[in-house]
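**Q** Counting from 9, one number per residue, gives the positions in the sequence shown under the working numbering. I have a structure here, written as structure tokens, and I will follow up with some questions on it.
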Amino acid sequence: MRFNLALLSLGILVCGSTAQAGAPQPFSDDLFFDWDGLRSELREDGIDLRVGYTSETATNVRGGDKDLWRYADQWTFAATLDLHKLLDIDHAQFKIAVIDRNGRNLSADANLDDLQQVQEIYGDKETWYLTQFWYDQKYLDGMLDWKVGRLSEGEDFAAFSCDFMNFTFCGAAPGNGVGSYWYNWPVSQWGTRVKVSVPGFGYVQLGAFEVNPSYLLTRYSLDLGDPPGATGMLAPVEIGWLPTIGRGLVGSYKLGAWYNSSRAPDVVENTNGQPLAIAGGEPLMRHGEYGGYFNFLQRLTAPLTGESKQGVSVFLNGIYADRRTSTLDSQMAAGVLYTGPFSSLPEDELGFAIGRTHVNSRVADVEWLQNELGRGPVGVQSAEYVGELFYKIQATRWLDLRPNIQYVCQPGGISNKASDVVIGLKLSVNL
Numbered sequence: 009m010r011f012n013l014a015l016l017s018l019g020i021l022v023c024g025s026t027a028q029a030g031a032p033q034p035f036s037d038d039l040f041f042d043w044d045g046l047r048s049e050l051r052e053d054g055i056d057l058r059v060g061y062t063s064e065t066a067t068n069v070r071g072g073d074k075d076l077w078r079y080a081d082q083w084t085f086a087a088t089l090d091l092h093k094l095l096d097i098d099h100a101q102f103k104i105a106v107i108d109r110n111g112r113n114l115s116a117d118a119n120l121d122d123l124q125q126v127q128e129i130y131g132d133k134e135t136w137y138l139t140q141f142w143y144d145q146k147y148l149d150g151m152l153d154w155k156v157g158r159l160s161e162g163e164d165f166a167a168f169s170c171d172f173m174n175f176t177f178c179g180a181a182p183g184n185g186v187g188s189y190w191y192n193w194p195v196s197q198w199g200t201r202v203k204v205s206v207p208g209f210g211y212v213q214l215g216a217f218e219v220n221p222s223y224l225l226t227r228y229s230l231d232l233g234d235p236p237g238a239t240g241m242l243a244p245v246e247i248g249w250l251p252t253i254g255r256g257l258v259g260s261y262k263l264g265a266w267y268n269s270s271r272a273p274d275v276v277e278n279t280n281g282q283p284l285a286i287a288g289g290e291p292l293m294r295h296g297e298y299g300g301y302f303n304f305l306q307r308l309t310a311p312l313t314g315e316s317k318q319g320v321s322v323f324l325n326g327i328y329a330d331r332r333t334s335t336l337d338s339q340m341a342a343g344v345l346y347t348g349p350f351s352s353l354p355e356d357e358l359g360f361a362i363g364r365t366h367v368n369s370r371v372a373d374v375e376w377l378q379n380e381l382g383r384g385p386v387g388v389q390s391a392e393y394v395g396e397l398f399y400k401i402q403a404t405r406w407l408d409l410r411p412n413i414q415y416v417c418q419p420g421g422i423s424n425k426a427s428d429v430v431i432g433l434k435l436s437v438n439l
């Protein structure tokens with residue numbers, strides 16, 4: 009009976025999909041639809057079905073070559089199966105998620121020429137994605153956790169929320185810099201992750217993921233198989249310290265690194281060691297790509313009593329990428345999140361963040377040389393600076409609205425380019 013219910017739930021999931029970014033968002037326990045009690049009954053039997061909708065609307069009040077409004081959205085259809093309840097497999101679960109992304113991209117359509125999109129949910133191509141299809145098994149009372157299947161690196165490594173709308177502050181930061189081989193939500197690939205919990209400290213985890221640019225193509229976005237085009241393996245490792253300071257002031261301090269075994273072209277040089285953009289020829293191929301990251305999140309204040317989420321938290325994220333092969337070689341982002349700024353609105357949230365995305369100086373040197381040789385004019389890139397302020401209105405337990413304003417200084421990293429000002433609205437519904 010339970011196995012039949014599992015098949016029924018997957019059928020409902022697929023049908024709902026037929027009737028992308030952002031990182032996965034937590035669903036509220038209070039959902040808009042319970043399907044006349046069917047969803048609650050299935051959950052008791054170990055089948056948790058979720059449908060989520062997120063949209064991002066934005067307009068450029070300054071910057072770009074035309075004033076536009078643009079809208080992009082994402083539908084999430086997910087099912088989590090408790091395999092202990094369904095098949096008597098202890099400490100195991102299976103998850104499948106399919107994503108549908110639609111809309112237009114303000115950054116491209118208004119020619120903002122920014123390094124990081126102002127609508128993170130637009131992400132890659134607007135199509136359907138098989139985002140999750142994995143099995144997770146815990147051993148030794150949860151101390152050892154093994155996951156295998158179709159995963160995205162940012163689901164487990166350098167994981168960070170998407171509270172903000174600018175891509176600078178959304179999801180796993182390595183995907184913002186080296187997205188050609190580090191695939192964040194909603195793109196997935198075959199991979200595995202092993203996580204070891206360290207009592208009193210935190211955890212250590214490592215992973216292995218297939219690097220295959222074909223996963224970025226629309227024709228393979230729903231392909232459960234292994235499309236042609238694999239170039240190597242991405243191996244990330246992460247150490248996480250999870251302290252609790254004082255009364256409920258929890259923290260998360262992650263340090264990580266990665267290595268991609270693929271061969272990749274040098275961002276500047278040809279096979280003769282000369283600038284490719286000037287001398288032409290074939291790019292110099294490098295063996296392997298690498299980088300490192302950190303992700304710090306710390307709660308600073310909390311109520312003296314109760315389990316309220318009210319309080320102030322701060323975060324600091326950063327990445328450094330291989331300067332041989334990465335056009336964007338570093339990114340830093342810092343911010344503050346204030347949950348429950350008003351006692352009468354304990355679920356509302358105020359967020360502010362600033363960030364810097366840096367263009368590899370080797371690239372900038374060639375751009376300067378092109379202008380000196382009369383090959384320009386070419387904009388010489390350095391760094392793009394972004395600030396964003398939002399206020400989350402928790403209208404109901406299943407609906408929140410996040411009006412926001414973004415300020416982009418030196419779009420594209422070009423110092424003499426006018427700044428962009430973008431006003432947006434992010435909407436999330438748990439159906």
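Ideal placement from N, C-alpha and C gives every residue a C-beta, glycine not left out.
Mark LEU381 as exposed unless 16 or more other C-beta atoms lie within 10 angstroms of its C-beta, in which case mark it buried.
**A** With fewer than 16 Cβ atoms within 10 Å of its Cβ, LEU381 is classed as exposed.
**Q** Rounding to the nearest angstrom, what Cα-Cα distance links VAL186 and SER334 in this structure?
**A** Cα-Cα distance, rounded: 7 Å.
**Q** Alpha carbons only, please: which of GLY432, GLY343, ASN438, LEU439 is nearest the one belonging to THR65?
**A** For the residues GLY432, GLY343, ASN438, LEU439, the minimum Cα distance to THR65 belongs to GLY432.
**Q** Would you call LEU312 buried or exposed, if buried means 16 or more other Cβ atoms sit within 10 Å of its Cβ?
**A** Burial call: exposed.
**Q** For TRP376, name the three-state secondary structure that DSSP assigns.
**A** Three-state result, TRP376: helix.
**Q** What residue does the beta strand (DSSP E) around HIS366 start on, and which one ends it?
**A** HIS366 -> beta strand (DSSP E) spans 357-367.
**Q** Which residue marks the beginning of the beta strand (DSSP E) containing ASP117, and which one marks its end?
**A** Where ASP117 is concerned, there is no enclosing beta strand (DSSP E), although the alpha helix (DSSP H) it sits in stretches over 114-117.
**Q** Does the Cβ-Cβ distance between ALA310 and GLY256 come in under 7 Å?
**A** Closer than 7 Å, so yes.
**Q** Write down every uninterrupted run of the alpha helix (DSSP H) in the segment 259-330 whose length is 4 residues or greater and which is fully enclosed by it, in chain order.
**A** Correct list: 284-287.
**Q** Less than 7 Å between the C-beta atoms of GLY71 and ASP428, yes or no?
**A** Cβ atoms of GLY71 and ASP428: closer than 7 Å.
**Q** Helix, strand or coil for ILE97? Go by DSSP, reduced to three states.
**A** ILE97: coil per DSSP, three-state reduction.
**Q** For ARG446, count neighbouring Cβ atoms within 10 angstroms of its own Cβ and tell me buried if that reaches 16, exposed if not.
**A** The structure shown does not extend to residue 446, since the chain is modelled only from 9 through 439, so no value can be given for it.
**Q** Can you give me the Cβ contacts of LEU230 inside the same chain, cut-off strictly under 6 Å, excluding the 5 residues immediately before and after it?
**A** Closer than 6 Å at Cβ, skipping near neighbours: TRP136, LEU138.
**Q** Is the number of C-beta pairs between the segment 148-160 and the segment 197-208 that are closer than 8 Å three or more?
**A** Output reads yes: the segment 197-208 touches the segment 148-160.
**Q** Determine which residues share a DSSP beta bridge with VAL204 and list them.
**A** Answer by DSSP bridge pairing, in chain order: LEU152, VAL212.
**Q** Using a threshold of 7 Å, state whether the C-beta atoms of ALA272 and ARG307 are closer than that.
**A** Not a contact, by the Cβ cut-off of 7 Å.
**Q** Suppose the cutoff is 6 Å on Cβ atoms and the five residues either side in sequence are ignored; what does the same chain contact list for ALA31 look like?
**A** Low confidence applies to ALA31: its pLDDT is 47, below 50, so where it sits in the model is not reliable enough to give any reading.
**Q** From ASP53 to GLN82, what does the alpha carbon distance come to, in whole angstroms?
**A** The straight-line gap from Cα to Cα measures roughly 28 Å.
**Q** Taking Cβ positions, are GLY60 and THR88 nearer each other than 7 Å?
**A** Against a cut-off of 7 Å, the Cβ pair of THR88 and GLY60 comes out as no contact.
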